[in-house]
Structures are given as C-alpha cells and as structure tokens.
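Participant: My questions will all concern the structure given below.
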Amino acid sequence: MSEELADRFEARPVLSSEVAMEGLVWDVVRDRVDLGEAGEVTREYVRHTGAVAVLALDDDGRACLIQQYRHPVRAFEWEIPAGLLDVAGESPWLAAARELMEEADLRASTWNVLADYASSPGGLDEQLRIFLARDLAAVPEAERHTRDGEELGMPVRWVPLEEVRDAVLAGRVHNATLAIATLAALAARDLGWATLRPADAPWPAHPAYRGDSA
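The sequence shown runs 1 to 214 under the UniProt record's numbering.
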C-alpha cells in the first residue's frame, strides 16, 4: 500500500541565526542550515506570525468579498476577510471570528476549517488557515468596528462561488487566499462538505500549534 500523501515536518539543524533586517511588522532572518549530504546553506526569509482568513458563505452560496488596496502589488484586490495571528493567547478560529466582524460586520454560528497552506515557503515562514463560516448574521451598528488605513471604506460584495471561480481561472482576480478558499469550498461542497474539519482542528504546519488543537 502506498504511503499517504502528506508533508513531513522535520527541521534541518540551524547552525546560526541572526536578524538581517528589523521591519515595522516582520523581520528578515538569516539562517545557516545543515542540509546533511547537500552541505551547509544560508537562507534569508521573512519571519511571520501566521494568519487566518474567512470564507463567509450565505444561504444562497455567495461568498463575502472585500476589496482592499495592497501597496506591494499596487492593486485593489478582491479578497476574503483575513488578519494576523498577533493577539497573544487568541485561538486561530477566534482570531478569524474577530476579523470577520471587524472587516465585514458579520458573525457566524457555524465554523469549520476549510484549508491550510504556506503562502510562500521559499521566502517567508507564514502559515495561513482558511475557515468556512456559515449561518451568518450582521453585527449591530453600535457594535461595529471603526476601520482606518487601507480598511477605511472597503467595498463589500457578495459573489456566487462559481463566479469567483471563473474570475480566478480567467486571471481577473489574483489573491491566492481567495483562489484557494473558492476552489476548496467548491470541492468540499461537491463532496457534501465531508472534508470540513472542526474549527479547533490540529494545525501541524504552524509551529505554535503543532501537535495541539488550534
């Protein structure tokens, strides 16, 4: 019987490590790594806290999208609500619930893990977890978050999953999290949602949650 397809989390020995550049949010780290037979190499990467994102799906199969300016790519990207895991002691799914409330004025009573991925493993150590949120309700006006910066005045649009899929495949939208969330949700829906995991499912790819419930 063939072995189950799965990543192997096994760190190579780090012989030395230093902060090559201190950033406003993230640092660039320089590690000297022992690769065994391949010898020693030096690698620089962005050290990242990790992040969560939320595909909020209404009863009509429409996803809640927001449009936010992303300066590094000089574009107003269509995305799903997302944010950093930067609150001490906050579980990933509670962080996702907070981001959904802050960015889309929504709450959800049904939460599942939809997909996990490493955003760019050759250059940063970010791990990102995408949640599926259903059974939605609007946050009352008096309890809504006051947005600023790039989040101020963000458009919100409800789009059928199939329409988002078509935009991804046609190259009209480019956000990786949106693409992964949409394609994963369509696949999961076709399988009767049987692939969904509990909101606190283990997250072995993220070092902070490896071996534990998230």
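By construction, the Cβ of each residue, glycine as well, lies at the ideal position given by its N, Cα and C atoms.
(1) Can you give, in chain order, each stretch of the alpha helix (DSSP H) that sits fully within the segment 99 to 176 and has at least 4 residues?
(2) Starting from the C-beta of V87, find all residues in its chain whose C-beta is less than 7 Å away, skip the five residues before and the five after it, and write them out in chain order.
(3) Do you know offhand how far T177's Cα is from R43's?
(4) Which residues mark the beginning and the end of the beta strand (DSSP E) in which F76 is found?
(5) Comparing alpha-carbon positions, which option in L128, D27 and T146 lies nearest A118?
(6) Which residue or residues does DSSP assign as beta-bridge partners of A51?
(7) Where does P13 sit, in a helix, a strand or coil, going by DSSP?
(8) What's the gap between the Cα of R62 and the Cα of T49?
(9) Does the Cβ of R129 lie closer than 7 Å to at least one heavy atom of the ligand ATP?
(10) Would you be able to state if there are at least three C-beta pairs under 8 Å between the segment 24 to 39 and the segment 95 to 107?
(11) Quick one: what does DSSP say L191 is sitting in, helix, strand or coil?
(12) Assuming L15 contacts E40 (C-beta within less than 8 Å), just tell me the rounded distance between them.
(13) Are W158 and F131 close, meaning C-beta to C-beta below 8 Å?
(14) Tell me, to the nearest whole angstrom, how far the beta carbon of A133 is from that of L100; I am working on the premise that it is less than 8 Å.
(15) Quick one: what does DSSP say residue 215 is sitting in, helix, strand or coil?
(16) Check the C-beta distance from E77 over to H174 and give it rounded, since I have them as a contact under 8 Å.
(17) The beta strand (DSSP E) that contains L24, what's its start and end?
(18) Can you list, in chain order, the residues of its chain with a C-beta nearer than 8 Å to that of L65? Leave out the 5 residues immediately preceding and following it.
(19) Roughly how many whole angstroms lie between the Cα atoms of A167 and L183?
(20) Run through DSSP, which three-state label would P72 get?
Facilitator: Once the coordinates are examined:
(1) 161 to 169
(2) A95
(3) When rounded, the distance between both Cα atoms is 25 Å.
(4) A75 to E79
(5) L128
(6) L84 and L128
(7) coil
(8) Near 30 Å, if we compare the C-alpha coordinates of T49 and R62.
(9) Judged by which ligands are present, the structure shown has none, so any question about the ligand ATP falls away.
(10) no
(11) coil
(12) 7 Å
(13) Taking the C-beta atoms as reference points, F131 is found no nearer than 8 Å to W158.
(14) The beta-carbon separation of A133 and L100, rounded to 6 Å, stays under the 8 Å limit for a contact.
(15) There is simply no residue 215 to check, as the chain begins at 1 and stops at 214 in what is shown.
(16) The pair is a contact, with the Cβ atoms about 7 Å apart (cut-off 8 Å).
(17) Where L24 is concerned, there is no enclosing beta strand (DSSP E), given that its DSSP letter is neither H nor E.
(18) Taking C-beta separations shorter than 8 Å and ignoring five residues to either side along the sequence, the partners of L65 in its chain run W78, E79, I80, V156, R157, W158, V159, V164 and L178, following chain order.
(19) 12 Å
(20) helix
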